[in-house]
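With this note's numbering applied, the sequence shown covers 109 to 366. The C-beta atom is built at its ideal place from N, Cα and C for all residues, glycine as well. Below: one structure, written as structure tokens.
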Amino acid sequence: MYKRIFISFFFSGFAVLLYAQDYNVYDTTVKVETVADENYEEDYEEYSQVDTVLYSNAVVLEKDSINSWKRKKEFAYIKNLDSLLKASQEKEPIHKQRIPGGDSFATRLLGGPVIKIILWTLALFFVGIIVYQLLKNRGLFQRSSRSKVAEKPEDEDILLLHDDFEKLAQQAIAIGDYRMAVRYHFLKILQQLRDKNHISYEPDKTNARYVYELPLNWRNDFSKLIFQYEYVWYGHFDINQHQYEQVKYGFHSFLQKI
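What follows is the structure in structure tokens.
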């Protein structure tokens with residue numbers, strides 16, 4: 109009986125062994141092997157010791173070497189670049205090129221502050237003269253000049269009521285007052301122009317306005333008489349006998365035209 113049990117057990121174990129060989133059993137366990145990087149520490153040490161100092165590594169080329177390179181076929185484009193650069197330099201504005209000797213003495217003198225002040229002063233002076241003449245012709249300064257003349261109490265309005273200004277002029281000449289004689293000659297001309305309706309007389313009207321009331325062919329001569337009269341009378345200019353005769357001739361010549 110024991111012999112049967114042993115034989116049964118033997119065959120059972122053998123069957124199990126055969127079944128295990130037919131059924132493949134795989135182990136799914138993953139084995140991770142850690143491999144130490146031996147070069148890591150060496151790379152870190154090499155990186156930490158990098159030299160950050162800048163060194164000048166200029167390459168000096170001889171002129172002959174540069175010219176020889178330019179003649180090579182590979183560097184043929186350099187000739188075109190040189191010609192373009194030269195052309196652009198020749199086209200620079202002329203005013204940017206300074207004269208080697210610098211500015212001349214005359215240029216520095218005319219550009220100095222003293223000359224500028226003198227020129228501005230002269231310009232203002234001439235402008236002032238022009239403005240004064242314009243205002244004077246409009247009579248703005250005429251009243252003030254007349255107020256200073258207190259030699260005769262009569263104004264021009266009263267004097268124009270006289271009929272014989274030649275007689276008054278002779279009386280002034282007799283006492284040597286040629287300046288007053290010139291005044292009488294001018295008032296006589298105004299009287300004649302008014303009587304013949306060439307002007308419209310008003311006491312406050314300026315002599316320049318009388319000029320524009322006259323015919324064109326009279327204006328130039330009458331303007332000269334006004335200039336002489338105002339220069340002598342309002343300018344307080346004491347003329348001599350010879351100067352008076354010249355002024356008198358101009359007044360008499362104009363009277364013949366009226």
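Expressed to the nearest angstrom, what Euclidean distance is found between the alpha-carbon atoms of residue i and residue j?
| i | j | result |
| --- | --- | --- |
| F273 | I225 | 52 Å |
| N305 | L333 | 19 Å |
| V239 | P221 | 27 Å |
| W228 | L243 | 22 Å |
| H360 | L230 | 40 Å |
| A316 | K365 | 19 Å |
| I223 | Q241 | 27 Å |
| F234 | G343 | 20 Å |
| H307 | G284 | The amino acid occupying residue 307 in the given sequence is Ile; His does not appear at that position. Cα to Cα, the separation comes out at about 32 Å. |
| E321 | G236 | 28 Å |
| Y303 | I347 | Looking at the sequence itself, residue 303 is Asp, so the reference to Tyr does not match. If you take the alpha carbons of D303 and I347, they lie about 30 Å apart. |
| D271 | N328 | 27 Å |
| T314 | W341 | 15 Å |
Exposed or buried, residue i, counting other C-beta atoms within 10 Å across all chains shown (16 or more means buried)?
| i | result |
| --- | --- |
| H293 | buried |
| Y286 | buried |
| K385 | Beyond the ends of the chain as shown, which are 109 and 366, falls residue 385; an answer cannot be given. |
| Y357 | exposed |
| K296 | buried |
| H203 | Low confidence applies here, because H203 scores a pLDDT of 48, under 50, leaving its location unreliable and the question unanswered by this model. |
| Q349 | exposed |
| Y104 | The question about residue 104 has no answer, for the chain in this structure spans 109 to 366. |
| F330 | buried |
| K260 | Low per-residue confidence applies at K260: pLDDT is 45, beneath 50, and the placement is therefore not dependable, though the value from the model is reported in the following sentence. With fewer than 16 other Cβ atoms within 10 Å, it is exposed. |
To which residues of the same chain is residue i closer than 7 Å at the C-beta, ignoring the five residues directly before and after it?
| i | result |
| --- | --- |
| A289 | A277, A280, I281, Y352 |
| K256 | Unreliable positioning characterises K256 in this predicted model, as indicated by a pLDDT of 39, which lies under 50. The coordinate reading is nonetheless provided below. Hits under 7 Å: none found. |
| S377 | With the chain covering 109 to 366 only, the question about residue 377 has no answer from this structure. |
| L232 | none |
Considering only residues of the same chain and omitting the five flanking positions on each side of residue i, which have a CB-CB separation below 8 Å?
| i | result |
| --- | --- |
| F345 | R287, Y339 |
| Q336 | V290, V355, G358 |
Rank the options by C-alpha distance to the C-alpha of residue i and give the top, closest one.
| i | options | result |
| --- | --- | --- |
| W326 | W341, Q241, F362 | F362 |
| P323 | L301, V235, L232, F234 | L301 |
Once the 5 residues before and after residue i are set aside, which same chain residues still bring their CB inside 6 Å of it?
| i | result |
| --- | --- |
| L248 | Reliability fails at L248, whose pLDDT of 49 lies under 50, so the model's placement of it is uncertain and no value is given. |
| Y309 | R302 |
Inset, instruction - With a floor of 4 residues, list each alpha helix (DSSP H) that falls wholly inside the region 273–323, ordered by position along the chain. - result: 273–282, 286–303, 315–321
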